[in-house]
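Contents: one structure, followed by commentary.
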Amino acid sequence: QARQPLASMAAIASVGRMEGSGSELGEGGSEGEDHEDGEVPAGKTAAVDVARGREAFEAFYTAQELCDEEDWRLSLELLRRPLPPTFRLQRSAGGGRGGAAAAAVELARTRALLEELHTWRPEEVPWCAGAYRLCAQSAAAGPDGQCDTALNRVLLAAQRAGLISRQESASMLPVVALGIEPHHRVLELCAAPGSKTMQILDALHQGVSDSVAAEATSSGLLVANDYKEVRLNMVIERARRAPAAPLLVTCADGRTFPSLNSGLLDETQGVGSGSLGFDRVLCDVPCSGDGTVRKALGLLSQWTPQAVAAHHGMQLAILQRGLELLAPGGMLAYSTCALSPVECEAVVATALWESRGSLETVPVDVPGLRTAPGVVEWKVPAPAAIGTNPSQELYGSWSEGPAAEKQAAYLRRAMFPPRA
Numbered sequence: 002q003a004r005q006p007l008a009s010m011a012a013i014a015s016v017g018r019m020e021g022s023g024s025e026l027g028e029g030g031s032e033g034e035d036h037e038d039g040e041v042p043a044g045k046t047a048a049v050d051v052a053r054g055r056e057a058f059e060a061f062y063t064a065q066e067l068c069d070e071e072d073w074r075l076s077l078e079l080l081r082r083p084l085p086p087t088f089r090l091q092r093s094a095g096g097g098r099g100g101a102a103a104a105a106v107e108l109a110r111t112r113a114l115l116e117e118l119h120t121w122r123p124e125e126v127p128w129c130a131g132a133y134r135l136c137a138q139s140a141a142a143g144p145d146g147q148c149d150t151a152l153n154r155v156l157l158a159a160q161r162a163g164l165i166s167r168q169e170s171a172s173m174l175p176v177v178a179l180g181i182e183p184h185h186r187v188l189e190l191c192a193a194p195g196s197k198t199m200q201i202l203d204a205l206h207q208g209v210s211d212s213v214a215a216e217a218t219s220s221g222l223l224v225a226n227d228y229k230e231v232r233l234n235m236v237i238e239r240a241r242r243a244p245a246a247p248l249l250v251t252c253a254d255g256r257t258f259p260s261l262n263s264g265l266l267d268e269t270q271g272v273g274s275g276s277l278g279f280d281r282v283l284c285d286v287p288c289s290g291d292g293t294v295r296k297a298l299g300l301l302s303q304w305t306p307q308a309v310a311a312h313h314g315m316q317l318a319i320l321q322r323g324l325e326l327l328a329p330g331g332m333l334a335y336s337t338c339a340l341s342p343v344e345c346e347a348v349v350a351t352a353l354w355e356s357r358g359s360l361e362t363v364p365v366d367v368p369g370l371r372t373a374p375g376v377v378e379w380k381v382p383a384p385a386a387i388g389t390n391p392s393q394e395l396y397g398s399w400s401e402g403p404a405a406e407k408q409a410a411y412l413r414r415a416m417f418p419p420r421a
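Rendered as structure tokens:
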């Protein structure tokens, strides 16, 4: 079997956690959030609850030793700062049609938008073409999770016009790292609410949209899937703002996503010609979301160490199915908006071990972005008994875990470091 490189972006373990300027930390790249238009839940929780949650959060992750002491000190400082708004210019807005004239109009609209935003100091995200961060202090979201009213009005109008996509910069990294080309067949197993979907469509039209041919189109395909129909409506709405083929939207459980017969997509092959293999697969899986506390401070009032293990089985199952659908020589990106190695490195490590050599990790090499390898040691929180306060006990190896918790499947071998 040909080796199938696995682009192992263990969530913020090698994405936002170690981003060079540190400005991505806590932004959260998962599409499990429904608030990528800037409509972040207001922080209504009592300050004392947030403070208590922050104390437990910081103690737990300090014990994990995710990075060196200086980087962790900087990380904690950034988690206390307001999150700057970011957005991407929607390059697929023209759908690859209209030629040079349409491109000129789009360029004029872009310049007008940036001029309108100059008060809030738009600066390019150095590692993602067409992405901007608004750096003025007045642009950052306030305690209620909302940004300046005038700024929000400008950004909302631009998004509704299909000119931009509101998307946090850490969320942009998985698609950038995949290196998608116009001819690729791409599968997104957990697509809603759709910001990465639009980013993938942009990548499929890269170079095509600059063509002077009126009927220029991408030869690739994007299958955008989510298991909740109501969430898929958000994906469809985004696609309508910036129509760009070829996009197929499906509703299925990512853990059991069905194989697609290649004959349905290629008229040169018969119906029985075999299953379609995807050149690129994105598994942006459901998670605890604790990497998003910078934009949704209220999450800290409910955070417990046990939350980091709640999705482990589902995350692994989605990743495994994504790998099964990957074509030989293809690449898969695994991402979350969580900080815990239980949701990140543990899932990737288990998939690699079960592949028996048919997979390999590849570096996340994005110019302008500082990264670091994922951790190889971490601690797993003890499960909390129902009706009791969450335990703060941590297990560094499988052998340390109580037998009763293993038998009840509260603890799983796959949650621990491979050698522990």
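Every letter in the sequence shown is one number past the one before it in this note's numbering, and letter 34, counting from 1, is 35.
A virtual CB, placed ideally from N, CA and C, is assigned to each residue, including glycine.
Are residue i and residue j closer than 9 Å when you measure CB to CB?
i, j, result
"Gln1", "Pro183", "Shown here, the chain extends from 2 to 421; a query on residue 1 therefore has no answer."
"Val286", "Ala192", "no"
"Leu412", "Pro418", "no"
"Gln168", "Ala204", "no"
"Pro123", "Cys136", "yes"
"Ser139", "Thr87", "no"
"Ala339", "Val309", "yes"
"Leu1", "Gly255", "Any answer about residue 1 is impossible in this case: the structure gives the chain only from 2 up to 421."
"Ala328", "Gly278", "yes"
"Ile181", "Ile201", "yes"
"Pro194", "Val224", "no"
"Asp72", "Ser302", "no"
Find the nearest neighbour of residue i within the set the options, judged by alpha-carbon distance.
i, options, result
"Pro382", "Ala57, Arg53, Ala225, Asp50", "Ala57"
"Ala178", "Val365, Lys407, Asp227, Phe417", "Val365"
"Val176", "Lys229, Ala334, Arg112", "Ala334"
"Leu326", "Leu114, Pro259, Glu124, Leu202", "Pro259"
"Asn262", "Ser359, Lys407, Leu360, Gly275", "Gly275"
"Gly323", "Leu75, His313, Asp280", "Asp280"
"Gly375", "Ser359, Glu401, Val348, Gly369", "Val348"
"Asp134", "Ala102, Ser341, Arg89", "Rather than Asp, the amino acid found at residue 134 in this sequence is Arg. Measuring from the Cα of Arg134, the nearest candidate turns out to be Arg89."
"Ala60", "Arg371, Trp354, Trp304, Gly330", "Trp304"
Classify residue i as helix, strand or coil using the three-state DSSP reduction.
i, result
"Glu346", "helix"
"Glu124", "strand"
"Tyr411", "coil"
"Asp366", "coil"
"Thr87", "strand"
"Arg420", "coil"
"Pro329", "strand"
"Tyr62", "helix"
"Arg161", "helix"
"Asp38", "Because Asp38 carries a pLDDT of 43, less than 50, the predicted location of this residue cannot be relied on, and the following value inherits that uncertainty. Coil, per DSSP."
"Leu317", "helix"
"Thr337", "coil"
"Val155", "helix"
Within its chain, find whatever has a CB closer than 7 Å to the CB of residue i; leave out the 5 residues flanking it on each side and keep chain order.
i, result
"Lys380", "Ala64, Gln65, Leu395, Tyr396, Gly397"
"Val155", "Glu117, Leu118"
State buried or exposed for residue i, treating a residue as buried only when at least 16 other CB atoms are found within 10 Å of its CB.
i, result
"Thr150", "exposed"
"Ala409", "exposed"
"Arg357", "exposed"
"Glu107", "buried"
"Arg239", "buried"
"Thr337", "buried"
"Gln316", "buried"
"Glu344", "buried"
"Ala142", "buried"
Within a Cβ cutoff of 8 Å, which residues of the same chain sit near residue i, ignoring the five residues on either side of it in sequence?
i, result
"Cys252", "Asn226, Asp227, Tyr228, Lys229, Glu230, Leu233"
"Ser220", "Pro183, His184"
"Leu115", "Pro123, Tyr133"
Any heavy atom of the ligand FMN closer than 8 Å to the Cβ of residue i?
i, result
"Met315", "In terms of ligand content, the structure shown is empty, and the ligand FMN therefore cannot be addressed."
Can you give me the Cβ contacts of residue i inside the same chain, cut-off strictly under 6 Å, excluding the 5 residues immediately before and after it?
i, result
"Lys407", "none"
"Ile13", "For Ile13, the predicted structure reports a pLDDT of 30, less than 50, and the residue's modelled location is therefore unreliable. A value from the coordinates is still provided. Cβ within range, chain order: Gly292, Leu340."
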